[in-house]
Amino acid sequence: MTSRSLIVFVAALVTLLAVPCLHASTAQELIAEGDRLLQAEEKFPASFEQALSLYRQVISMQPAMVIPYLRIARVCLALGEEGKGKSKGWFEQGEQAAEKAVNLQESSADAHFLLAANRGNVVNLLPFWKVSPTILADLEKHLLRALALDPRHAGANHMMGMLLYRTPGPLRLLLVGKSDQVEGYLLQ
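For the sequence shown, position 112 (counting from the first letter as 1) is numbered 112 according to our numbering, and the numbering increases by one without interruption.
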C-alpha cells in the first residue's frame, strides 16, 4: 500500500468512525424518544424499559437535569405496578430517582408525588413488622408538599385521600390530615 493510499484509507476510516458522533443525540432528543416509547403501550413493558435506558443516557450526559429523574420515577412506578415478581426492585429504583429529583428541584410537585408513590409501594410490599410507623408521616409530608405546589395534582390528591382512609386509627395520630378530609382529597 502506498503512503497516499494509506492516508486515504485512514481518512476514510476516521470519517466513518466519526459519523456516530455527528449524529449523537442531544438530551432533549433522547427524552423525546423515550416519551414516544411510553406512548407505545401495546409494547409494554418492553417499550417502557427502552425508554428507561434512554432516560439513563440523559443522566449520564446531564446529571443535574431533573426531567430524566422524573421520567425514570414514573416509568419505574408503572413497571412496578405491572408486577411480574420484580415490583419491589422497580419501586426502589423509582424511589431513588424521585429522591434525586426532589434534591435537584425541591419545587417539583411531581417529584414529591413520585417519591411518595414509589416509597409507599415499597412499604406496601414489606411485612408490617419491618415498616416504621413514621413512614406514614414521611409519605404525608411529600404529598402535602406536592399539593402545596400544585393543589390540583390528581395523583397526590388521590394518594393523600387513600392514605388518610386506609391508615388505622392509632397510627392516624402520626398524621396531620384527618379522616374527615378523605372525601375532599378524593373528589379533587
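Just so it is clear, CB atoms sit at the ideal spot from N, CA and C, and this is done for glycine as well. Source: prediction; values computed, not measured.
Looking at the backbone, the Cα of D138 and that of A64 are separated by about 25 Å. DSSP, reduced to helix, strand and coil, places L174 within a helical segment of the structure shown.
Per the Cβ contact rule, the stretch 87 to 94 is in contact with the stretch 114 to 122 (3 or more Cβ pairs under 8 Å). Straight across, the Cα-Cα distance linking E140 with H158 is about 12 Å.
Pairing L143 with A154 gives a Cβ-Cβ distance that is not under 8 Å. In the DSSP assignment, E92 falls within the alpha helix (DSSP H) that extends over 87 to 104. DSSP places L52 in the helix class (H, G or I) of the three-state scheme. Judged by DSSP secondary structure, T134 falls within the alpha helix (DSSP H) whose first and last residues are 134 to 149.
Leaving aside the five residues that flank A78 on each side, the residues in its chain whose CB is nearer than 7 Å to its CB run, in chain order, F48. The Cβ neighbour count for V75, taken over all protein chains shown within 10 Å, is at least 16; the residue is labelled buried.
Rounded to the nearest whole angstrom, the C-alpha separation of Q62 and E183 is 42 Å.
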